[in-house]
Structures are given as structure tokens and as C-alpha cells.
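Colleague: What follows is a structure written as C-alpha cells; I'll ask about it next.
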Amino acid sequence: LAASSAAGALTVAETPSVRYADVGGIDNLLQDIRELIEYPITHPEIYWHLGIDPPRGILLHGPPGCGKTLLANAIAGELGVPFIKVAATELVAGVAGESEAKIRQLFEEAQ
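Here you go:
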């Protein structure tokens, strides 16, 4: 199951089969990943009880080939949710306001 948005930058795939065990070198990060990414999704009531809204996203950054996409796939696989990949190059436009419009459209489609 794969689909692309009208903006051409959003690709929705099936839930990845990648798991944390498939990603090397993250054992010391797993608790942070669970607290910052998994818990807000699986247990939002923890945050609501504290009177705050749970985080709704993360931004992974680093050089090419460092494992950002693999980690994102593993997180989606562990949570049993589809992985949505956005090509940033497809969002950039030369006309003022066009990039912003594409980003708004992508978020609407992702929801």
C-alpha cells in the first residue's frame, strides 16, 4: 500500500517490519525514545494528568547515512503505525508562500 500526495512529497507506506533490535547502537537511547516518542502516543493521559499536551512530533537530524530513517522506521514498526516519509526537496518552492502551502497540505493529508 503506497500513496503519494498531490504535493508529491508525501509517501505513505505500510507499517514497517523494522524493530529496535534491528538498529545497532541504540540500547542506551531506548528509554529516552520511549519517554519522548512512545509514551506521548501510547499513554497521553500521563501528560494530561500533569496539565500539559503530549508532544506531537520529533525532528531527527544528522549527516546522511547516520541512521535517521532506519530509526524512524523502527519507531513506527514498534508502535505498529505507518511510516510517512517527506522529501524536503519536494517542499521547496521559488514562489513566496508556496512552500508553506505545501507543508500545510502535507500535514492535512497526514492527519
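Heads up: the sequence shown begins at 1 in full-length UniProt numbering, then just goes up one per residue. We put the CB at the ideal spot given by N, CA and C, even for glycine. On a predicted model such as this, the values are computed, not experimentally measured, just so you know.
Suppose contacts are defined by Cβ-Cβ distances below 8 Å. Is PRO16 in contact with ALA110 by that definition?
Modeller: Contact flag unset, no.
Colleague: From this set, GLU45, LYS68, ILE84, which residue's C-alpha is nearest GLY24's C-alpha?
Modeller: Answer by Cα proximity: LYS68.
Colleague: Apart from the five residues just before and just after VAL92, which ones in its own chain have a Cβ nearer than 8 Å to its Cβ?
Modeller: Same-chain partners within the cutoff: SER99.
Colleague: Which residue from ALA21, ASP22, PHE83, ILE37 puts its Cα closest to that of GLU14?
Modeller: Of the listed residues, the one whose Cα sits closest to GLU14 is PHE83.
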